[in-house]
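S.K.:
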Amino acid sequence: MDRRSSLEMCFDVLEVIDKGTHKPSKIMFATNLSYASRCRTLETLVNSDFIREEKRKKSKRYYITKKGKNALLNRMKSLVGLLKAL
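Numbering (my numbering), first residue to last: 150 to 235.
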């Protein structure tokens, strides 16, 4: 079984958040990431403005930004292009 690259983990997280999962633990389980990987990936995406972090009283929530949606859309377009080439 191959390991996922950081980029693949980022896209997995973006897809899960785009589908409506906003809690960190739910994101972690939905993407099958370890706690450390989840923290690094979320921090990378927040710092790159692909997602935004919303702090609540005792918790955090993550929401995809327009830049994140565009990245997902571009990825889907490139995958469709690859499939058509086959």
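Note that the Cβ used here is the ideal one computed from N, Cα and C, for glycine as well.
Nothing here was measured: the structure is a model prediction, and the numbers come from that model.
Examine chain B for any beta-carbon lying closer than 8 Å to the beta-carbon of D161, and answer yes or no.
M.R.: You won't find chain B in this structure, because it holds only one protein chain.
S.K.: If we ignore side chains and look at the alpha-carbon of each, how far apart do L252 and G217 end up?
M.R.: An answer regarding residue 252 cannot be provided, because it is not within the stretch 150 to 235 covered by the chain.
S.K.: I'd like to check one pair, Y184 with I200: are the Cβ atoms closer than 8 Å?
M.R.: Their beta carbons are not under 8 Å apart, which means I200 does not touch Y184 by this criterion.
S.K.: May I ask you to report which of helix, strand or coil DSSP gives R205?
M.R.: Three-state result, R205: coil.
S.K.: What do you reckon, are the CB atoms on V195 and T180 nearer than 8 Å?
M.R.: For V195 and T180, no; Cβs fall outside 8 Å.
S.K.: Select from N223, L232 and D167 the residue whose C-alpha is nearest the C-alpha of R210.
M.R.: With distances taken between Cα atoms, R210 lies closest to D167.
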